[in-house]
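Residue numbers (full-length UniProt numbering): 1 to 220.
Backbone N, C-alpha and C fix where the C-beta goes; we use that ideal spot for every residue, glycine too.
Small disclaimer: the values here were computed from a predicted structure and weren't measured.
Working notes for the structure below.
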Amino acid sequence: MHFPALKKLPPQARIALGLTVLFAPMAGLAMESPHVNRGARPAVQTLLNKLDEAPPQPVRMETVWKGADVDGDGAPDFANPTGAAPREHDDFGDGAFGARRDGGSRKHEGVDYVAVAGQAAKAPMSGYVTKIGYAYADAPDLRFVEITNPALGYVARAFYVDPDVEVGQTIRLGQVIGHVASLQKHYPGITDHVHLEVIKPGGRRINAAALIQPKLVAAA
1 MHFPALKKLP PQARIALGLT VLFAPMAGLA MESPHVNRGA RPAVQTLLNK
51 LDEAPPQPVR METVWKGADV DGDGAPDFAN PTGAAPREHD DFGDGAFGAR
101 RDGGSRKHEG VDYVAVAGQA AKAPMSGYVT KIGYAYADAP DLRFVEITNP
151 ALGYVARAFY VDPDVEVGQT IRLGQVIGHV ASLQKHYPGI TDHVHLEVIK
201 PGGRRINAAA LIQPKLVAAA
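This is the structure we're talking about:
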């Protein structure tokens, strides 16, 4: 079919008219069937719905140990020497402060913090090393480290520690002071631990667990 009148139009007009003729049927089809070319939308919406319905991921929690601030300066003054909980009941009793010993004739004067033999033992308090002694007269392999803090007036003793420090040395809170000794030679089957004693000004032993509290926080 020939249209002589088209030849009289300038080239730009003829191109525009040609495009109109080409796309007009497609536009009409889109208006008659608005769902055409929208097939991806239901799939996207389904995915979004599934994301909305997905259960939230559980938050992993971990225990940290918070030391008491006895001097009120906003910083902790005590720390857990092993990073683990106090020893629970085993064949040799339990590690709580005041637990029965020797059939009830005496009470436990410290708190036993669970450890693995050989792990680092950390300073429960800052201060100076004032003594390195023996836990028992007949057990030269079981020693303790005594730390005194003159500013606080407190003394802390960490037992069953092979010391890496010396008397007179300045110690900061949480510093490695030695490594945990095995107790299996003397108490077969006992849970290895660090026995921590805290002594207030005046000489009275107090419950270290009251000064070092567990706290649950979201793991990093």
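*Starting from Gly178, trace the beta strand (DSSP E) both ways and give me its first and last residue.*
Here residue 178 refers to the residue found at position 178 when the sequence shown is read from its first residue. Its beta strand (DSSP E) spans residues 176 to 180.
*Should the stretch 115 to 133 be called in touch with the stretch 169 to 179, which here means at least 3 C-beta pairs below 8 angstroms?*
yes
*Pair every Cβ in the stretch 193 to 203 with every Cβ in the stretch 155 to 164, then say whether three or more of these pairs are closer than 8 angstroms.*
yes
*Determine the extent of the beta strand (DSSP E) in which Gln184 is found, giving its start and end residues.*
For the purposes of this step, residue 184 is taken as the residue at position 184 of the sequence shown. It is not in any beta strand (DSSP E) - Gln184 carries neither H nor E in the DSSP assignment.
*Which residues in the same chain as residue 223 place their Cβ atom closer than 6 angstroms to its Cβ, once the five residues preceding and following it in sequence are excluded?*
Missing from the structure shown is residue 223; the chain here goes from 1 to 220 and no further.
_Within the continuous beta strand (DSSP E) that includes Val194, where are the two ends?_
Locating residue 194 in the sequence shown gives position 194, where the first residue counts as 1. That run of the beta strand (DSSP E) goes 193 to 199.
_Buried or exposed (CB count within 10 angstroms, at least 16 for buried), Lys107_ = By 1-based counting over the sequence shown, the position of residue 107 is 107. So Lys107 ends up on the exposed side.
*Please confirm whether Ala121 and His186 have their CB atoms less than 8 angstroms apart.*
Residue 121 sits at position 121 when you count from the first residue of the sequence shown. Residue 186 sits at position 186 when you count from the first residue of the sequence shown. Taking 8 angstroms as the Cβ cut-off, Ala121 and His186 do not qualify as a contacting pair.
*Under the three-state reduction of DSSP, which class applies to Val21: helix, strand or coil?*
Residue mapping note: residue 21 aligns to position 21 of the sequence shown, counting from 1. Residue confidence for Val21 is low, a pLDDT of 48 falling below 50, so the modelled location carries little weight and cannot support an answer.
*Whose CA, out of Glu166, Val70, Gln213, Pro140, lies closest to the CA of Glu146?*
On the sequence shown, residue 146 is found 146 positions in, with the first residue counted as 1. The residue with the shortest Cα to Cα distance from Glu146 is Glu166.
*In the DSSP assignment, find the unbroken beta strand (DSSP E) run with Gly133 in it and report its ends.*
Taking the sequence shown and counting its residues from 1, one reaches residue 133 at position 133. From DSSP, the beta strand (DSSP E) with Gly133 extends over 127 to 136.
*Can you have a look at Asp112 and say buried or exposed, based on whether 16 or more other CB atoms are within 10 angstroms of its CB?*
Taking the sequence shown and counting its residues from 1, the one referred to as residue 112 is at position 112. Buried: at least 16 other Cβ atoms inside 10 Å.
_By the three-class DSSP mapping on this structure, what secondary structure does Pro150 have?_
In the sequence shown, counting from the first residue as 1, residue 150 sits at position 150. Coil.
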